[in-house]
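Below: the structure, in structure tokens.
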Amino acid sequence: MGTLILAVTSLFLYSIGTALQALSFRGRVHTNLAITTLIGILALTGHGLLIAQTVHREGSFDFGFFQSSVLISWLIVFLLLGLNLRKPVQSLFLVAYPMAGLAIIVSLVTHSPSRLVSEDSYGMLSHIALSVTAYSLFTLAAIQATLLYFQNRQLKHNYNSVLVRNLPPLQTMESLLFEMVWAGVVMLVLAIVTGALFIEDLFAQDLAHKTLFSLLSLVVFVALLVGRYTKGWRGITASRWTLAGCALLMLAFYGSKFVLELVFHR
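With the first letter of the sequence shown counted as 1, position 95 gets the number 94 in numbering that gives the first Met the number 0; the numbers rise by one all the way through.
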């Protein structure tokens, strides 16, 4: 199937999923778990087939800037669909679906230098897989932290908005946030360890920026978890620390790739 057909199909399904979630959020329609999951799986399938054509090449994988964005957005939706089967995370679809659609559109209309990794480079591929999973989990954590931040502020001001009426209780929102942070920290630690094992010099000129900001983000997330269990950090404080750590991690990944690939074309 052609790349354009797969892209349009995925965008159409993501648009339907976003519209249904938005209408459900405002109380206009009622959607059940089966419908939500089916639409998500269909969109994810088209998205995955698109990745197979744009990221996988004969004997190698292309992890260029925009190709990586398409892959990460796919994994975000995949993780979210899995979480949605047992956790109240429906509100996150309102951000994840448009994000995936935007990644697909940008990858089709722009171009970045190829970053090819051989299929035989198992160590490097394991590092990339763990890194992409960590970025995806922390992206979900960033969305969750943003919702939690606004939920806290509106509740403190007794503002009964659509957001407050549709989100789960604060305790549930905080529990979900820290589950995502814990999972992300585990994946990030494993990514750093595999990077140290399989990359010749993590502090080489091209990698120093990425390594430094990844380590700083890990310090922030560990400090957040320590603060959670020793000082009872929650609510707005937890949201701010999460967003700070996610910002550092995004600088590590997207910042370094943007500068190297799109500015210096390396």
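All C-beta atoms, glycine included, are put in the ideal place defined by N, C-alpha and C.
Computed from a predicted structure; not experimentally measured.
DSSP three-state assignment for F60, whether helix, strand or coil: In this structure, F60 counts as strand in the three-state DSSP scheme.
Cβ-based neighbour list, A95, same chain, cut-off 6 angstroms, excluding 5 preceding and 5 following: I75, V76, L79
Nearest residue (CA-CA) to V184, options F65, F137, I40: F137
Where G231 falls, given that 16 or more other Cβ within 10 Å makes a residue buried: exposed
Contact check, G100 vs Y13, beta carbons under 8 angstroms: yes
Endpoints, the beta strand (DSSP E) within which L115 is located: 115 to 117
Continuous alpha helix (DSSP H) stretch holding P87: start and end: Counting along the chain, P87 falls outside any alpha helix (DSSP H), and DSSP gives it neither H nor E.
Distance CB(L175)-CB(V163) smaller than 8 angstroms: No, these two residues do not count as a Cβ contact at 8 angstroms.
Beta-carbon contacts of L22 that lie in its chain and below 6 angstroms, excluding the five residues immediately before and after: V28
Segment contact flag, the region 143 to 154 with the region 98 to 117, C-beta cutoff 8 angstroms, min 3 pairs: no
Own chain, CB closer than 7 angstroms to T30, minus 5 neighbours either side, in chain order: L19, S23
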